[in-house]
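S.K.:
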Amino acid sequence: MSSSEKNSRKRARLSSDEAGAEHQDTTIDANPEILRLIQRERRCLDTHCAELSRLSTESLKKDQVILDLQAQRVKHETQFASKLEELAAVKVKNAVLFGKTIELEQKNLHLRVGAARHDQQLLALYERLHDQTTALAELSMRHTESRHSPTTGQEQSAETVVSGKPSSAVTTQAPAAGPNSGLLPRDNRRYKGFKSRKTYPHGNGRVRPSRYGSTDIWDLGLCFQHFSTKSVCIFGKTCDYRHHALSDGERNYIVSCGQAGVKFLRESDELTSGKIY
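Given below as structure tokens:
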């Protein structure tokens, strides 16, 4: 077969194929039912494609939300771990502070015991001083009595006849101890119910007798700011109450009032130390 025959056959085949296609298109276009089915299928396909696109977009959004939540979880876990470390450090610090607190309480208890022991020793010393002061006063009175005792025979007479009757023997006796003997403070009622016209920083400006274990009958009239505070009295020499130091007899009396008196003496000695007036 020659090449010209082959070419003519190919052309005939192509012509027949094109004619068949044109016939098929004409047949589809000529059938409206098939056209409606094709259009419906296309609409369904478009709808499915749009739905698929929407679902894909939503899936991407959900994936992003999941990633954000995971990032927040990691952040919160990191913060929680940091808080746990801080809490552990605080617990350790609290344990150290608790130990120091126990140690300080033990030291404070030891100091209280020592202070109580010191108060007892101080009370014993004040009692000894009181006894020694009393003994010294008795010796002084005996010495005064011996110096003023009668020395002549007539003065040493045991009895004297008066109107023919014997009189009782005259003897010299030591005066009884009292407010003026030096062993006790004077019976000072000046401050009982006394109201000063001055305005003091602390109440009426006077130390209550009960503060050193006394009563209103034995009120020493002590200035509160001078004897019970570190500051100097604002009125100085014009103060209505007493600033000068306690005498030995007054100190012995305050000691005899018990623990309140001993405590007051110890504190007032510290507070008045260095004060001029």
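In numbering that gives the first Met the number 0, the protein residues as written are 0 to 276. Built from N, CA and C at the ideal position, the CB exists for glycine as well.
Measure the C-alpha to C-alpha separation of Thr170 and Gln131 and round it to an integer number of angstroms.
M.R.: Here residue 170 refers to the residue found at position 171 when the sequence shown is read from its first residue. Here residue 131 refers to the residue found at position 132 when the sequence shown is read from its first residue. Only weak support exists for where Thr170 lies, its pLDDT of 34 falling under 50; the coordinates are left without a value.
S.K.: For Glu126, which residues of its own chain have a beta-carbon under 8 angstroms away from its beta-carbon, when the five flanking residues on both sides are left out?
M.R.: Taking the first residue of the sequence shown as position 1, residue 126 is located at position 127. Once the five neighbours on either side are set aside, the close Cβ partners of Glu126 are Val254.
S.K.: Give the straight-line distance between the Cα atoms of Phe223 and Asn251, rounded to the nearest whole angstrom.
M.R.: For the purposes of this step, residue 223 is identified with residue 224 of the sequence shown, where counting begins at 1. For the purposes of this step, residue 251 is identified with residue 252 of the sequence shown, where counting begins at 1. Using only the alpha carbons, I get a separation of about 20 angstroms.
S.K.: Which class does Arg127 belong to by DSSP, given the choice of helix, strand or coil?
M.R.: Along the sequence shown, read from residue 1 onward, the residue named residue 127 stands at position 128. If DSSP states are grouped into helix, strand and coil, Arg127 belongs with the helices.
S.K.: Any idea if Glu73 is buried or exposed, counting beta-carbon neighbours within 10 angstroms, 16 or more meaning buried?
M.R.: Position 74 of the sequence shown holds residue 73. Looking at the sequence shown, residue 73 is not Glu but Val. The residue in question, Val73, is exposed, as its Cβ has fewer than 16 Cβ neighbours within 10 Å.
S.K.: Just to check my reading of the structure: Tyr199 and Gly260 have Cβ atoms closer than 8 angstroms, yes? What is that Cβ distance to the nearest angstrom?
M.R.: To locate residue 199, count along the sequence shown from 1; it is residue 200. To locate residue 260, count along the sequence shown from 1; it is residue 261. Going by Cβ atoms, the distance from Tyr199 to Gly260 rounds to 23 angstroms, so no, they are not a contact pair.
S.K.: Given 8 angstroms as the limit, is there contact between the stretch 223 to 237 and the stretch 267 to 275, that is, 3 or more CB pairs closer than that?
M.R.: The answer is yes - the stretch 267 to 275 touches the stretch 223 to 237, with three or more Cβ pairs under 8 angstroms.
S.K.: When the cut-off is 7 angstroms and only beta carbons count, does Thr77 lie next to chain D?
M.R.: Absent from the structure: chain D. Only one protein chain is present.
S.K.: Identify, in the order they occur along the chain, each residue of the same chain with its Cβ nearer than 7 angstroms to the Cβ of Thr214, setting aside the five sequence neighbours on each side.
M.R.: For the purposes of this step, residue 214 is taken as the residue at position 215 of the sequence shown. These residues qualify, in order along the chain: Pro208.
S.K.: Since Lys274 contacts Asp239 with CB under 8 angstroms, what's their CB separation in whole angstroms?
M.R.: For the purposes of this step, residue 274 is identified with residue 275 of the sequence shown, where counting begins at 1. For the purposes of this step, residue 239 is identified with residue 240 of the sequence shown, where counting begins at 1. At roughly 18 angstroms, the Cβ-Cβ gap does not stay under 8 angstroms, so Lys274 and Asp239 are not in contact.
S.K.: Look up Leu221 in the DSSP assignment and say whether it is helix, strand or coil.
M.R.: As a first step, residue 221 is located in the sequence shown; it is residue number 222 there, counting from the start. Leu221 falls in the strand class under three-state DSSP.
S.K.: Using DSSP's beta-bridge definition, name the partner residues of Arg210.
M.R.: For the purposes of this step, residue 210 is identified with residue 211 of the sequence shown, where counting begins at 1. Paired residues: none, contrary to the question.
S.K.: Beta carbon of Arg257, beta carbon of Arg241: below 7 angstroms?
M.R.: For the purposes of this step, residue 257 is taken as residue 258 along the sequence shown, with counting starting at 1. For the purposes of this step, residue 241 is taken as residue 242 along the sequence shown, with counting starting at 1. Note on identity: in this sequence residue 257 is Gly, with Arg being the wrong assignment. No, Cβ-Cβ distance for Gly257 and Arg241 is not below 7 angstroms.
S.K.: Could you spell out the range, first to last residue, of the alpha helix (DSSP H) harbouring Ala259?
M.R.: Walking along the sequence shown from the start, residue 259 turns up at place 260. Per DSSP, Ala259 belongs to the alpha helix (DSSP H) from 258 to 271.
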